[in-house]
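Order-wise, the sequence lines are chains C and B. Position 196, counted from 1, in the first sequence is what our numbering calls 196; the numbers after and before it change by one each time, with no gaps. Position 229, counted from 1, in the second sequence is what our numbering calls 229; the numbers after and before it change by one each time, with no gaps.
Protein chains: 2
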Amino acid sequence: MIIVGELINASRKIVAEAIEKQDVATIQTIAKDQHENGADYIDVNAGVFVGKEPQYLQWLTETVQTTLEAPCCIDSPDPTAIEAALSVHKGTPMINSISLEKDRYEALLPIVAGTDFKVVALCMSDKGMPQTTAERMEIANELVNNLVKNNVPVENIYVDPLVQPISTNDTFGVEFLNSIESIIKTFPGIHTVCGLSNISFGLPERKFLNQTFMVMAIAKGLNGAIVNPLDQKMMANIIAAEALAGNDEWCSAYLEAYRAQKFEF
Amino acid sequence: MIIVGELINASRKIVAEAIEKQDVATIQTIAKDQHENGADYIDVNAGVFVGKEPQYLQWLTETVQTTLEAPCCIDSPDPTAIEAALSVHKGTPMINSISLEKDRYEALLPIVAGTDFKVVALCMSDKGMPQTTAERMEIANELVNNLVKNNVPVENIYVDPLVQPISTNDTFGVEFLNSIESIIKTFPGIHTVCGLSNISFGLPERKFLNQTFMVMAIAKGLNGAIVNPLDQKMMANIIAAEALAGNDEWCSAYLEAYRAQKFEF
Numbered sequence: 001m002i003i004v005g006e007l008i009n010a011s012r013k014i015v016a017e018a019i020e021k022q023d024v025a026t027i028q029t030i031a032k033d034q035h036e037n038g039a040d041y042i043d044v045n046a047g048v049f050v051g052k053e054p055q056y057l058q059w060l061t062e063t064v065q066t067t068l069e070a071p072c073c074i075d076s077p078d079p080t081a082i083e084a085a086l087s088v089h090k091g092t093p094m095i096n097s098i099s100l101e102k103d104r105y106e107a108l109l110p111i112v113a114g115t116d117f118k119v120v121a122l123c124m125s126d127k128g129m130p131q132t133t134a135e136r137m138e139i140a141n142e143l144v145n146n147l148v149k150n151n152v153p154v155e156n157i158y159v160d161p162l163v164q165p166i167s168t169n170d171t172f173g174v175e176f177l178n179s180i181e182s183i184i185k186t187f188p189g190i191h192t193v194c195g196l197s198n199i200s201f202g203l204p205e206r207k208f209l210n211q212t213f214m215v216m217a218i219a220k221g222l223n224g225a226i227v228n229p230l231d232q233k234m235m236a237n238i239i240a241a242e243a244l245a246g247n248d249e250w251c252s253a254y255l256e257a258y259r260a261q262k263f264e265f
Numbered sequence: 001m002i003i004v005g006e007l008i009n010a011s012r013k014i015v016a017e018a019i020e021k022q023d024v025a026t027i028q029t030i031a032k033d034q035h036e037n038g039a040d041y042i043d044v045n046a047g048v049f050v051g052k053e054p055q056y057l058q059w060l061t062e063t064v065q066t067t068l069e070a071p072c073c074i075d076s077p078d079p080t081a082i083e084a085a086l087s088v089h090k091g092t093p094m095i096n097s098i099s100l101e102k103d104r105y106e107a108l109l110p111i112v113a114g115t116d117f118k119v120v121a122l123c124m125s126d127k128g129m130p131q132t133t134a135e136r137m138e139i140a141n142e143l144v145n146n147l148v149k150n151n152v153p154v155e156n157i158y159v160d161p162l163v164q165p166i167s168t169n170d171t172f173g174v175e176f177l178n179s180i181e182s183i184i185k186t187f188p189g190i191h192t193v194c195g196l197s198n199i200s201f202g203l204p205e206r207k208f209l210n211q212t213f214m215v216m217a218i219a220k221g222l223n224g225a226i227v228n229p230l231d232q233k234m235m236a237n238i239i240a241a242e243a244l245a246g247n248d249e250w251c252s253a254y255l256e257a258y259r260a261q262k263f264e265f
């Protein structure tokens, strides 16, 4: 399971303020905390700063990697901002994200084509958000095939089927879960990834629903998650589900996490 | 999701003592508590009383149904004990369980053939416990086809693929989960059921692992569970997973459970 730590996002007040003050220590602390708690990639997002996004995304990338030998997940739809971040990034980044929306697709494809970058492929097109498994598969088929044709190896593609709230439609959960299964079966070696807090929008006990849905998605084959690695209950759920799904040899990661006493089982 | 309340089992000290004292009140309280907390069937088991099992199983069945309009899950491999319980049972019982073990199969088949009973079909044969999905499917295929041939409708069959501990073999969880999916696909309309506390044998934080595995099994299509309905955390997991799996129209059962404030979300 690939964990992308989601906390360095300028939509969070603490991060926006740190960016404006160019407060290196705060950003580095958030990065290190996430890495120590299991993040494989550190997401960096400066999307709220219109006009300054390239400069700030580059600064975030540099600031994170000065303190940490971990790759970033460069989170922007803007090719200029991504290029700015890439100019200082060390190692193999994840690009978050390309989609089938025409403008975004055409802007991002030249950046990822022929590289060894990890690429998040969002199941979104100009027709809007997909609702059913079939609609997601239609987008995934076109997007993945195009990426592969443009020399992005299938094993570097992380399809995000896009979670939508069950409070809007009670089939939205199962349609998403079936998409995970279908994507994995259709493209052997591919990855799936998602941020899933939308699932619980409009319902009470959102954290509990998010954790439960994460476990269900892992049962269906999800192998990447954009989450808060400092959420010890969520991480406990992921670690337990991984052991139960047969992804943890000798249950050793589970036992190690138990002994470390930092997760809430 | 069909919930079978597991607490009236003579392997529990409180139940064994109540049976020996013919303590009606204790048994009826346990039955009512389970029913009020979501049990559709009340499991009755007097297996530890060799020689007296028929008499005691009959007494348990009568005692439960004097206070409760709910069917029992008659839990015994002994045809004499089952017949004794059936002679007093009102409504449609669940029989727990037939298997492909020759003696058990031949003893139980005449009891269930041509009836409208719900029948738990255990994936067990004289070759021992199955380990892989394929081994489970081999048993399930033969057992289900035989039951259907003997006029047990497929929708009354509850296949239990048999959980085995991941501490013994880290693939035992995923093999079980894939069996659930495979059974449902192979026999449209069939049910699956299991008691799953074995999954966590030999590992720390067993309750947490059991809850997590229950959620994963629901994601794969499990629609029956033999559990303790008084375990509010387990029931919260089941209710949330059912809503997320699209089995809860308008999320109304989830919202009702939340408002009732008796579950631990």
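Built from N, CA and C at the ideal position, the CB exists for glycine as well.
Less than 7 Å between the beta carbons of F213(B) and L196(B), yes or no? Sequence index remark: in the second sequence, residue 213(B) carries index 213 (1-based). Sequence index remark: in the second sequence, residue 196(B) carries index 196 (1-based). Closer than 7 Å, so yes.
Please list, in chain order, the chain C residues whose beta carbon lies closer than 7 Å to that of A253(B). By 1-based counting over the second sequence, the position of residue 253(B) is 253. Those within 7 Å of A253(B) in chain C number zero; the least Cβ separation is about 11 Å.
Hey, is V174(C)'s beta-carbon within less than 7 Å of any beta-carbon in chain B? Walking along the first sequence from the start, residue 174(C) turns up at place 174. Yes, because at least one Cβ of chain B sits closer than 7 Å to the Cβ of V174(C).
Closest by C-alpha distance to L7(C), when choosing among T29(C), Q22(C) and E20(C): Position 7 of the first sequence, counting from 1, holds the residue named residue 7(C). L7(C) has its Cα closest to that of T29(C), out of T29(C), Q22(C) and E20(C).
Can you give me the C-alpha to C-alpha distance between I180(C) and C123(C), rounded to a whole angstrom? To locate residue 180(C), count along the first sequence from 1; it is residue 180. To locate residue 123(C), count along the first sequence from 1; it is residue 123. Between I180(C) and C123(C), the C-alpha separation is close to 11 Å.
Is G246(B) closer than 7 Å to V174(C) when the C-beta atoms are compared? Against the first sequence, residue 174(C) aligns to sequence position 174. Against the second sequence, residue 246(B) aligns to sequence position 246. It is a contact, given that the beta carbons lie within the stated cut-off.
Interface residues of chain C facing E205(B) [CB-CB closer than 7 Å]: In the second sequence, residue 205(B) corresponds to position 205, counting from 1. In chain order, Y258 and F265 make up the part of chain C whose C-beta sits under 7 Å from the C-beta of E205(B).
Three or more beta-carbon pairs under 8 Å between the stretch 235-252 of chain C and the stretch 194-211 of chain B, yes or no? yes
For chain B, check one thing: does any of its Cβ atoms lie closer than 7 Å to the Cβ of I32(C)? The residue given as residue 32(C) occupies position 32 in the first sequence. Per the sequence presented here, residue 32(C) reads as Lys, with Ile not at that position. It does not; no Cβ of chain B falls within 7 Å.
Taking the Cβ atom as the reference point for each residue, do N45(B) and D75(B) lie within a distance shorter than 7 Å? Your numbering for residue 45(B) matches position 45 in the second sequence. Your numbering for residue 75(B) matches position 75 in the second sequence. In this structure, N45(B) places its C-beta atom within 7 Å of the C-beta atom of D75(B).
Within the continuous alpha helix (DSSP H) that includes S200(B), where are the two ends? As a first step, residue 200(B) must be located in the second sequence, where it is residue number 200. Here S200(B) belongs to no alpha helix (DSSP H), and DSSP marks it neither H nor E.
Looking at Q58(B): is its Cβ nearer than 7 Å to the Cβ of A85(B)? On the second sequence, residue 58(B) is found 58 positions in, with the first residue counted as 1. On the second sequence, residue 85(B) is found 85 positions in, with the first residue counted as 1. Their beta carbons are under 7 Å apart, which means Q58(B) touches A85(B) by this criterion.
Would you tell me roughly how many angstroms separate the C-alpha atoms of V4(C) and V159(B), rounded to the nearest one? For the purposes of this step, residue 4(C) is taken as residue 4 along the first sequence, with counting starting at 1. For the purposes of this step, residue 159(B) is taken as residue 159 along the second sequence, with counting starting at 1. About 39 Å.
Which residues share a DSSP beta bridge with H191(B)? Sequence index remark: in the second sequence, residue 191(B) carries index 191 (1-based). DSSP output for H191(B) lists Y158(B) as bridge partner(s).
Measuring straight from C-alpha to C-alpha, what distance separates E249(C) and T171(B)? The sequence position of residue 249(C) within the first sequence is 249, counting from 1. The sequence position of residue 171(B) within the second sequence is 171, counting from 1. Distance between the alpha carbons of E249(C) and T171(B) is about 9 Å.
Three-state secondary structure (DSSP) of V48(B): Here residue 48(B) corresponds to residue number 48 of the second sequence, with the count starting at 1. Coil at V48(B), not helix or strand.
Determine whether the Cβ of L196(C) lies closer than 7 Å to any Cβ atom of chain B. Counting from 1 along the first sequence, the entry for residue 196(C) is found at position 196. Put simply, the CB of L196(C) is far from chain B, with every gap to its CB atoms at 7 Å or more.
So what does DSSP say about I3(B), is it helix, strand or coil? As a position in the second sequence, residue 3(B) is number 3, starting the count at 1. Looking at I3(B) - three-state DSSP - the assignment turns out to be strand.
Closer than 6 Å by C-beta to A260(C): which residues in its own chain qualify, once you throw out the five before and the five after it? Chain order, please. As a first step, residue 260(C) must be located in the first sequence, where it is residue number 260. Excluding residues within five positions, none has a Cβ falling inside 6 Å.
For Y298(C), which residues does DSSP report across the bridge? Any property of residue 298(C) remains undetermined from this structure, which presents chain C solely from 1 to 265.
Which one of K262(B), N9(B) and V193(B) has the shortest CA to CA distance from L177(B)? Looking up residue 177(B) in the second sequence gives position 177. Closest by alpha carbon: V193(B).
Best match in A236(C), A134(C) and K149(C) for proximity to A113(C) [C-alpha to C-alpha]: Taking the first residue of the first sequence as position 1, residue 113(C) is located at position 113. Comparing Cα-Cα distances from A113(C) to each of A236(C), A134(C) and K149(C), the minimum goes to K149(C).
State yes or no: is the beta carbon of K90(C) nearer than 7 Å to at least one beta carbon in chain A? The chain labelled as chain A is not found among the protein chains of the depicted structure, namely C and B.
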